[in-house]
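Before any comments, here is the structure.
Residue numbers (the working numbering): 57 to 429.
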């Protein structure tokens with residue numbers, strides 16, 4: 057059983073799909089590990105560390121040659137997989153909705169593509185969930201990015217020269233990223249409030265010491281979709297939410313938006329008109345910018361200014377913390393493969409619950425029901 061670990065080639069991608077820690081664990085299972093030269097360099101993992109953990113180091117062609125499983129952070133191009141075994145598993149974040157052409161190419165080449173972002177949100181798969189591990193870091197980094205752009209201090213400071221007021225931070229969307237953003241802003245000393253369409257998140261917001269901002273008078277709308285994700289809301293709720301948010305935004309210094317709906321463009325949470333009501337010098341960080349953005353005027357990969365408000369739209373935020381992001385991502389992959397490792401066969405054997413959920417292609421066909429049609 058040969059497992060290949062590739063160097064990422066997507067622009068700005070600094071993460072790696074295995075670390076010396078997880079290589080050592082795979083080797084202990086009986087796998088042969090081959091790591092592409094400098095695969096971990098951008099995340100401060102040297103080739104020698106991989107070699108010491110039991111991997112062989114080589115160029116891409118030699119690493120892929122004869123591979124049974126190919127690990128990646130983002131899915132590799134099919135052209136770079138020449139030499140992998142027929143039916144080899146491609147295990148990575150594959151962006152199935154955003155890059156369907158690549159999924160079709162995997163099918164045509166006979167690979168079995170396993171999309172880690174389709175991992176079901178069930179108890180036994182929590183340690184395999186790349187979306188949660190990477191979103192946690194994104195929420196943390198979003199607050200640090202906001203602090204770097206903000207021209208004032210976060211905490212209240214009482215000095216002989218006078219008092220500095222605490223920054224007011226508003227988090228929109230209280231999933232994994234939003235919860236970490238709340239916690240980080242609180243640690244930095246900000247006054248934090250948060251909102252979400254899911255009423256169940258109120259208790260989580262309060263538990264972190266923040267103030268919940270919720271529509272209270274629209275009955276029967278919970279906003280809870282499958283797997284804990286939010287769903288699109290009714291027009292009545294959207295109107296009430298917009299009115300509530302508009303009044304609150306005008307008083308905020310920092311806003312972090314995190315709202316995503318799987319397979320659909322990110323919902324618009326802040327309009328240009330709402331931005332115009334914010335104080336000059338305020339900062340908005342849009343963590344959904346690569347899926348169309350929660351904020352009108354946000355530009356993927358740029359920090360722009362509108363009405364005196366900075367809108368931060370960094371791409372691939374977890375990759376801005378490459379060492380920790382790689383460590384968590386690689387543990388997700390190891391936890392996944394090791395959980396299904398069959399000692400007698402010397403390879404992982406998936407069950408239907410998880411296998412059917414994440415398998416995109418098999419035997420030359422696209423087989424995932426979420427990609428039907």
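Using N, Cα and C, we set each Cβ at its ideal position, and we do this for glycine too.
1) Rounded to a whole number of angstroms, what is the C-alpha to C-alpha distance between residue 345 and residue 311?
2) Is the Cβ-Cβ distance between residue 249 and residue 385 less than 8 Å?
3) Closest by CA to residue 146, which one among 161, 169 and 69?
4) Which residues does DSSP list as the beta-bridge partners of residue 418?
5) What span of residues does the beta strand (DSSP E) with residue 313 cover, start to end?
6) Distance check for residue 235 and residue 252, CA to CA, integer angstroms please.
7) Name the two residues that bound the continuous alpha helix (DSSP H) containing residue 258.
8) Pull up the distance between the alpha-carbon of residue 232 and that of residue 207, whole angstroms please.
9) What whole-angstrom Cβ distance do residue 309 and residue 223 have, given they're in contact under 8 Å?
10) Does the ligand NAD have a heavy atom nearer than 7 Å to the CB of residue 294?
11) From the DSSP output, read off the bridge partner residues of residue 113.
12) Is residue 175 near residue 413, with beta carbons less than 8 Å apart?
13) By the three-class DSSP mapping on this structure, what secondary structure does residue 67 have?
14) Does the separation of the CB atoms of residue 99 and residue 70 fall below 8 Å?
15) From the DSSP output, which residues share a beta bridge with residue 98?
16) Cβ atoms of residue 356 and residue 367: under 8 Å apart, would you say?
17) Are the region 409 to 427 and the region 147 to 157 touching by the rule of at least three beta carbon pairs closer than 8 Å?
18) State the start and end residues of the unbroken alpha helix (DSSP H) segment that holds residue 328.
19) What residues are listed by DSSP as bridge partners for residue 159?
20) What three-state label does DSSP hand residue 57 in the structure shown?
In this structure, then:
1) Position 289 of the chain shown, counted from the start, is the residue given in the question as residue 345. Position 255 of the chain shown, counted from the start, is the residue given in the question as residue 311. The straight-line gap from Cα to Cα measures roughly 14 Å.
2) The residue given as residue 249 occupies position 193 in the chain shown. The residue given as residue 385 occupies position 329 in the chain shown. No, they are not a contact pair.
3) Residue mapping note: residue 146 aligns to position 90 of the chain shown, counting from 1. The option with the nearest alpha carbon to residue 146 is 169.
4) Start at 1 with the first residue of the chain shown, and residue 418 comes out as number 362. In the DSSP output, where bridge partners are listed per residue, residue 418 has 421.
5) Position 257 of the chain shown, counting from 1, holds the residue named residue 313. 310 to 313 is the extent of the beta strand (DSSP E) around residue 313.
6) As a position in the chain shown, residue 252 is number 196, starting the count at 1. As a position in the chain shown, residue 235 is number 179, starting the count at 1. For residue 252 and residue 235, the distance between alpha carbons rounds to 11 Å.
7) Looking up residue 258 in the chain shown gives position 202. Element bounds for residue 258: 257 to 263.
8) Here residue 232 corresponds to residue number 176 of the chain shown, with the count starting at 1. Here residue 207 corresponds to residue number 151 of the chain shown, with the count starting at 1. If I take the Cα positions, the gap works out to 27 Å.
9) As a working mapping, residue 309 is identified with position 253 in the chain shown. As a working mapping, residue 223 is identified with position 167 in the chain shown. That pair is a contact at about 4 Å.
10) By its list of ligands, the structure shown contains no ligand whatsoever, and the ligand NAD lies outside what it can speak to.
11) In the chain shown, counting from the first residue as 1, residue 113 sits at position 57. DSSP output for residue 113 lists 91 as bridge partner(s).
12) Start at 1 with the first residue of the chain shown, and residue 175 comes out as number 119. Start at 1 with the first residue of the chain shown, and residue 413 comes out as number 357. Yes, the pair counts as a contact, with Cβ atoms nearer than the cut-off.
13) Here residue 67 is taken as the residue at index 11 of the chain shown, counted from 1. It is coil, neither helix nor strand.
14) The sequence position of residue 99 within the chain shown is 43, counting from 1. The sequence position of residue 70 within the chain shown is 14, counting from 1. Against a cut-off of 8 Å, the Cβ pair of residue 70 and residue 99 comes out as a contact.
15) On the chain shown, position 42 is the one that residue 98 refers to. According to DSSP, which records beta bridges pairwise, residue 98 is partnered with nothing at all.
16) The count along the chain shown starts at 1 and reaches residue 367 at position 311. The count along the chain shown starts at 1 and reaches residue 356 at position 300. No, the Cβ-Cβ distance between residue 367 and residue 356 is not below 8 Å.
17) yes
18) Here residue 328 refers to the residue found at position 272 of the chain shown. Run containing residue 328: 328 to 331, per the alpha helix (DSSP H) assignment.
19) For the purposes of this step, residue 159 is identified with residue 103 of the chain shown, where counting begins at 1. DSSP, once it has assigned bridges, lists no residue as partnering residue 159.
20) Within the chain shown, the letter at position 1 stands for residue 57. If DSSP states are grouped into helix, strand and coil, residue 57 belongs with coil.
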